[in-house]
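In what follows, a structure is listed as C-alpha cells, so that the remarks can point back to it.
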Amino acid sequence: MEHNTITLTGLGLSLLVAGGIILFPQQHSMSNPPAKQPPIPTVVWQNARLPDWDRITFSNMPAISEPGSFQAPQNVVDKLGYNPSRSWNTGQKPDSFTMLGDFQDSFKLQTFSLTDISQITNLDLETNKLDSFGVIKLQTLDSLVKAIPELKDFPISQVKPILDLLSQNLSTSFDANQTIENFLKQSPHVGKLSFDALNLKSYNLDSIPNLIATPVASFDKWQGVYISEIPRLNKVPFSQFPNPINPVGTEVGIVDVAFATDEQKRDKTISGSNKEGFAVPCEKDCAHTELSGSPAGETHLKKHHKY
C-alpha cells in the first residue's frame, strides 16, 4: 500500500493505519511557506521543551497543510475490522480525518462514554442532538439493542426514535405498549431497520435511555467514526485519554558522543524493534552513546544498543 507523508504546520502528524500519531520535523518549501498557525502548547522539563499534553487536544492541533488520500487494500480492511480509507483537504483539522479505529490500540478512545467526555469537557448532554453522535446513523435496531441491553425492557412508546423508526417503515399497525424485546421476537425482520433513515436532528441524546452511559465500543461500526463525530471528544486533553500519553520519561538527555562497536555483553540497552521488543540485550559488537543533560548536570549516561 502506498503511504503519503503528511506535514502539519507547528506539529507534524503522520497518520498510520495501525493507529496513533507520530511527531516529526516540519518540511516546507521557500516558495510555499506555511500559513501561520497557533503554537502547540509546551512545557519546560529538565531544560527541554516538551508538548504539554494537559493542554493539547485534537481541536487545537494545527490544520493539515496539503490535501491527500489513500485507499486501503481489502486485506488491510479485513485485518483491522473497518475500512480506514479516506481523503482530506488543505486546512482540515486532524479530528475531521482521523477515525476512532486509528487509535483503538493506542489511546483506546472507544472506551469513553458520552458521560465520561461530558465530565472532562463540560459537555451539555441535554442540548446535543442525536445526530451529533456519529455512531447512531450506523446502527440498526438489532445493533442498538445489543449495544444497550436495557432497551429491550422498555415499551416501544417510551423510546421515541424507535417508535418513529417503526412507524415510518411498517405498513401495518403494532402495539406500541409492548416491550422492544417482545416486538423483536415476534417480528425479527424489523431488527434490520437502520437509524440513518430518521432525521436524527429531531431527537436529543437522552431520547434513547442509557445511551450516554454506554461506551462507544459497544456500538456496531464505531471504528469508522471520525473524532469530530463524537461530541466534544476533540476537546479532551491527550493526558486524559483512557490510555494517555506519558508526558515525560525518567530522564532527558542530549547525545554527547556516539561510539562504534567497542562494548561487549550489555543488558541495559535502548535497542529493539516492534518484532523483538525493546531493551534487547547485546552480546557483542555493542555500539553505545553517551548522553548529557541529566538532572545531575555533569553526569554522562551511557546507553548501549545493538545493530
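In this text, residue positions in the sequence shown follow our numbering: the first is 71, and each later residue adds one. Where a beta carbon is used, it is the ideal one built from N, C-alpha and C, also for glycine.
For residue i, the nearest candidate out of the options (CA to CA)
i, options, result
"residue 299", "230, 180, 111", "180"
"residue 229", "215, 241, 239", "215"
"residue 247", "259, 263, 224, 240", "224"
"residue 258", "268, 240, 272", "240"
"residue 242", "260, 231, 249", "260"
"residue 314", "192, 182, 131, 149", "182"
"residue 167", "114, 118, 139", "139"
"residue 203", "115, 272, 116, 245", "272"
Proximity below 9 angstroms, CB of residue i to CB of residue j
i, j, result
"residue 177", "residue 289", "no"
"residue 198", "residue 274", "yes"
"residue 236", "residue 253", "yes"
"residue 297", "residue 165", "yes"
"residue 278", "residue 185", "no"
"residue 238", "residue 268", "yes"
"residue 262", "residue 194", "no"
"residue 134", "residue 161", "yes"
"residue 304", "residue 149", "no"
"residue 351", "residue 187", "no"
Own chain, CB closer than 7 angstroms to residue i, minus 5 neighbours either side, in chain order
i, result
"residue 292", "170, 180, 205, 286"
"residue 100", "Residue placement at residue 100 is poorly supported in this model, since its pLDDT is 42, which falls under 50; the coordinates are not used for a value here."
"residue 294", "152, 153, 169, 171"
"residue 284", "183, 217, 218"
"residue 112", "119, 120, 121, 122"
"residue 309", "123, 124, 315, 317"
"residue 192", "none"
"residue 234", "268"
Cutoff 6 angstroms; reference residue i; Cβ partners in own chain excluding five residues on either side
i, result
"residue 307", "124, 127"
"residue 155", "141, 142"
"residue 264", "210"
"residue 322", "Note on residue 322: pLDDT 49, under 50, position unreliable in the model; no value is reported."
"residue 251", "222"
"residue 129", "304, 305"
"residue 50", "No answer is possible for residue 50: the residues shown for the chain start at 71 and end at 377."
"residue 368", "With a pLDDT of only 41 at residue 368, under the threshold of 50, the placement of this residue in the model should not be trusted, and no figure is reported."
"residue 366", "The predicted model places residue 366 with a pLDDT of 45, which falls under 50 and marks its position as unreliable, so this point remains unresolved."
Sequence-distant residues of its chain with Cβ nearer than 8 angstroms to residue i (five each side left out)
i, result
"residue 280", "218, 220, 221"
"residue 266", "207, 208"
"residue 249", "222, 223, 224, 225, 226"
"residue 276", "195, 196, 282"
"residue 231", "200, 265, 268, 270, 273, 277, 278"
C-beta neighbour in chain C for residue i, strict 9 angstroms
i, result
"residue 228", "Within the model displayed, chain C is absent; a lone protein chain is all it includes."
Bridge partners - residue i, DSSP secondary structure assignment
i, result
"residue 115", "118"
"residue 169", "296"
"residue 264", "210"
"residue 156", "140"
"residue 274", "199"
"residue 249", "225"
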